[in-house]
Amino acid sequence: MGLIHWISGTAAGLRGFARRMADDRRGNVAMIMGLVMPVLVLVTMAGVDIHRMATVRANLQDALDAATLAAARSDYVKTDDLNRVGRAALKANLAGYNGIRLNDTDITFVLSGEEIVVANAKVDVKAIAAHIFLPPYGTILDEWLPVAAHSEVDRATKDIEVSLVLDITGSMAGNRLGDLKTAANDLVDIVVQDVQTINQTRMALVPYSMGVNPGTYVTATRGAITGSTAISGASWMSSGWVSTKIGGISIANPGVFTVSNHGLVAGNFVWISGVGSSSSNNLGTLLNDKAYKVAWSDTNSFTLEGVSTSGKGTYTANSGSFRKCQISTCEVVVTSNNHGLTTGDDVRITGVAGMTEINNSTDDGTNTQSNLFRTVTKQNDNTFSLNGVKGANVSTYSSGGSVQCLEQGCQSYLFQNLANNAWRVRPISSCVSERIGGDAYTDVAAATSHVGRSYSSSDNGCLTSVIQPLTSDRGILHTQINGYAAVGSTAGQIGVGWGWYMISPTFGSIFPSANRPAAYSNHGLLKVVILMTDGEFNTPYCNGVIAGAVSGSGSTAQHINCAATNGNPFAQAVTMCTAMKAKGVLVYTVGFDLAESTGAAGAVDTARDVMTQCATNPDYVYLPENGASLKSAFAEIGRSISQLRISK
Numbered sequence: 002m003g004l005i006h007w008i009s010g011t012a013a014g015l016r017g018f019a020r021r022m023a024d025d026r027r028g029n030v031a032m033i034m035g036l037v038m039p040v041l042v043l044v045t046m047a048g049v050d051i052h053r054m055a056t057v058r059a060n061l062q063d064a065l066d067a068a069t070l071a072a073a074r075s076d077y078v079k080t081d082d083l084n085r086v087g088r089a090a091l092k093a094n095l096a097g098y099n100g101i102r103l104n105d106t107d108i109t110f111v112l113s114g115e116e117i118v119v120a121n122a123k124v125d126v127k128a129i130a131a132h133i134f135l136p137p138y139g140t141i142l143d144e145w146l147p148v149a150a151h152s153e154v155d156r157a158t159k160d161i162e163v164s165l166v167l168d169i170t171g172s173m174a175g176n177r178l179g180d181l182k183t184a185a186n187d188l189v190d191i192v193v194q195d196v197q198t199i200n201q202t203r204m205a206l207v208p209y210s211m212g213v214n215p216g217t218y219v220t221a222t223r224g225a226i227t228g229s230t231a232i233s234g235a236s237w238m239s240s241g242w243v244s245t246k247i248g249g250i251s252i253a254n255p256g257v258f259t260v261s262n263h264g265l266v267a268g269n270f271v272w273i274s275g276v277g278s279s280s281s282n283n284l285g286t287l288l289n290d291k292a293y294k295v296a297w298s299d300t301n302s303f304t305l306e307g308v309s310t311s312g313k314g315t316y317t318a319n320s321g322s323f324r325k326c327q328i329s330t331c332e333v334v335v336t337s338n339n340h341g342l343t344t345g346d347d348v349r350i351t352g353v354a355g356m357t358e359i360n361n362s363t364d365d366g367t368n369t370q371s372n373l374f375r376t377v378t379k380q381n382d383n384t385f386s387l388n389g390v391k392g393a394n395v396s397t398y399s400s401g402g403s404v405q406c407l408e409q410g411c412q413s414y415l416f417q418n419l420a421n422n423a424w425r426v427r428p429i430s431s432c433v434s435e436r437i438g439g440d441a442y443t444d445v446a447a448a449t450s451h452v453g454r455s456y457s458s459s460d461n462g463c464l465t466s467v468i469q470p471l472t473s474d475r476g477i478l479h480t481q482i483n484g485y486a487a488v489g490s491t492a493g494q495i496g497v498g499w500g501w502y503m504i505s506p507t508f509g510s511i512f513p514s515a516n517r518p519a520a521y522s523n524h525g526l527l528k529v530v531i532l533m534t535d536g537e538f539n540t541p542y543c544n545g546v547i548a549g550a551v552s553g554s555g556s557t558a559q560h561i562n563c564a565a566t567n568g569n570p571f572a573q574a575v576t577m578c579t580a581m582k583a584k585g586v587l588v589y590t591v592g593f594d595l596a597e598s599t600g601a602a603g604a605v606d607t608a609r610d611v612m613t614q615c616a617t618n619p620d621y622v623y624l625p626e627n628g629a630s631l632k633s634a635f636a637e638i639g640r641s642i643s644q645l646r647i648s649k
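Under the numbering used here, the first residue of the sequence shown is numbered 2, with each subsequent residue one higher.
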């Protein structure tokens, strides 16, 4: 209104001046005035519109700069999407200005090949001076005058590596897992961009339950596993020997055994059986079913070390027999080339034909079960004997079989359970447990320090969903996510560790070059971990077996009877988070429908504690309570990451 008043006042003054000039009779003043006046009015009043256009142009430039930044901070790359975002922002920024006209066709936002959002805008400004004064002289200026502006924003200044850690435990079954898949797929589409030529936006996936399944990288991460070796023979008598009848045994000290051309020499070992005698003080009770060492011999007789037959009944001729043994105990000797065993090792033998008595049972998961393993004595690199398995009590070996060690790092592992110290034999799984020792909370290369093995039980088996290293292929990520199945207990601390490993340039050296994380020193890079869980961490490990009596992680009949090596799984997770944040990793946490309790004061003993303490700051913590809010949380995190790659 001030401008209108100024214009009206100026016009009145000019009209008065014009009348005075017209009434002046001196010379040619009137004629000159008639010629000059229209031009003077035009120049004077045009200044008003020029001033207004300059003001609008400055405001338009500010508004367009802000709108271009909004378009650049979006995750869109298509022109239609960028135009929608940019135009909406521009209109909002100019909403307070009157007398201007905007047409969508005059406003464009385009993403260049250099990842720069280029914006151009034109608005029409109403020419106030022309509208008020010029009609008496004819319309010389247009009623609407164009004003244009141009803006450019460098959209992507940083690469992004995001590791998405997802809880797919049994409690996530049904609609909860469906909601998680939708939320995760949406996040992929927000974070991973179509254009990767200037800046990379890659994502890795870590599904977890009772552990993590590294898939094809399992050997590289946990180390090679010692498998079984083939059995090619099993016997106990010396080669070429058969059972030979004993002709006589003297009742003396020492007792002398008479056998024609027996072939024994001092130091040989024999097995005596079948001896009978004529009295109740039975000679057989003394001699039968035992191993002996030959003390002295000649062609037709021999004595046994430490054997006196004095006071025993008369021997029944030819009732007993002897067999020459390979070793002093007359136990079964198994041939398995390069078996790698040492004396005292426990083993599991399967698949032997003929001498089936030496085969071991398969662990069926019951509390009490016999014949699960045998203990061996190494004879040489290719043979070992079975402690306590007397050769006279087994059948003749015919073919086949294999022997498997049962130590840590073997294909199967022998341990005593928590419930009642019963023996258990568990096969190795494709999953892994926590790393232990001095590198437990570091990201050193797996070749330097392997992660833990997992000998899982049938009631809490290894999940089949595997990790996905960093990739910009959204199709691969969507396929992986859509294939997730809910199973098992919650080893959140292992998921946290692997969330870091997937973006670690040291641990990640196991991956192909296209999937390998970049160096921490790359300042044009953001490394982000998103941790999601829906429940309490209840699955710590000892020696690769679930430890403790924590509810929800299977029967204690399947747990090992030793304490968790790394202790409290909640504290493990927070310690790992602290270590990765020290490397500059940004951590978002998503606690889905968690219990309200935060446990004991000052302790880290609930999932809610982990969510709040792991996050980079409180703004990075999300606690959705249902499927809809879970999707919203993931979408907000995605937008936040996209903004960080521009603004940070």
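Ideal placement from N, C-alpha and C gives every residue a C-beta, glycine not left out.
Small disclaimer: the values here were computed from a predicted structure and weren't measured.
Nearest to T480 by C-alpha distance, out of K182, R454, N269, is K182.
Around the beta carbon of N269, a 10 Å sphere encloses 16 or more other beta carbons of the protein chains shown; the residue is thus reported as buried. Around the Cβ of G389, a 10 Å sphere holds fewer than 16 other Cβ atoms; the residue is exposed. Shortest Cα-Cα distance from N539 to any of N339, H560, I531, H524 involves H560.
V271 places its beta carbon 9 Å or farther from that of T317. Boundaries of the alpha helix (DSSP H) around W501: 493–502.
If you look at R349, you'll find it in the beta strand (DSSP E) that goes 347–351.
Relative to V551, the option among R517, G341, F571, M533 whose CA is nearest is F571. Going by beta carbons, T590 and L532 fall inside the 9 Å limit. When DSSP states are grouped into helix, strand and coil, E626 belongs to the coil group.
Between Q327 and S239, the gap from beta carbon to beta carbon is short of 9 Å. In this model, G439 and N569 are separated by some 17 Å (Cα to Cα).
About 6 Å separates the Cβ atoms of E332 and G392, confirming a contact at the 8 Å cut-off.
Going by beta carbons, E626 and R609 fall outside the 9 Å limit. DSSP places M612 within a helical segment (H, G or I) once states are collapsed to three.
Straight across, the Cα-Cα distance linking A235 with G462 is about 35 Å. Annotation for F571: no beta strand (DSSP E) segment contains it, though the alpha helix (DSSP H) segment containing it runs 570–583.
About 6 Å separates the beta carbon of V575 from that of V611, a gap short enough to meet the 8 Å contact definition.
The three-state reading of DSSP puts A296 in strand, counting E and B together. Runs of the beta strand (DSSP E) lying entirely within the stretch 214–284 and spanning at least 3 residues, in chain order: 234–236, 257–259, 270–274. When DSSP states are grouped into helix, strand and coil, N94 belongs to the helix group. According to DSSP, residue pairing for R203 in a beta bridge involves E162. A buried status is given to H263, since no fewer than 16 other beta-carbon atoms sit within 10 Å of its beta-carbon. Counting only runs of at least 3 residues, the stretch 402–441 fully encloses the following beta strand (DSSP E) elements, listed from N- to C-terminal order: 403–406, 413–417, 424–428. Taking 9 Å as the cut-off, the Cβ atoms of D168 and G493 count as close. Going by beta carbons, V622 and G592 fall inside the 9 Å limit.
DSSP places T336 within a strand segment (E or B) once states are collapsed to three.
Looking only at A636, V266, H151, G256, the smallest Cα-Cα distance to D299 is reached by V266.
Rounded to whole angstroms, the gap between the alpha carbons of A231 and C411 is 15 Å.
Here L91 is near A68, since their CB atoms are less than 9 Å apart.
By the criterion of a C-beta distance shorter than 7 Å, L407 is surrounded in its chain by D347, V348, R349, F374, S413, Y414, L415, V426, once the five residues flanking it on both sides are discounted.
In the DSSP annotation of this structure, the continuous segment of the alpha helix (DSSP H) that includes Q481 starts and ends at 475–483. For F303, the closest alpha carbon among the candidates Y293, N289, F258 is that of F258. Cβ atoms of N94 and A64 come within 8 Å of each other, at about 4 Å.
Annotated as distal: I429 and T566, with beta-carbon spacing of 9 Å or more. Counting along the chain, the unbroken beta strand (DSSP E) around I108 starts and ends at 101–112.
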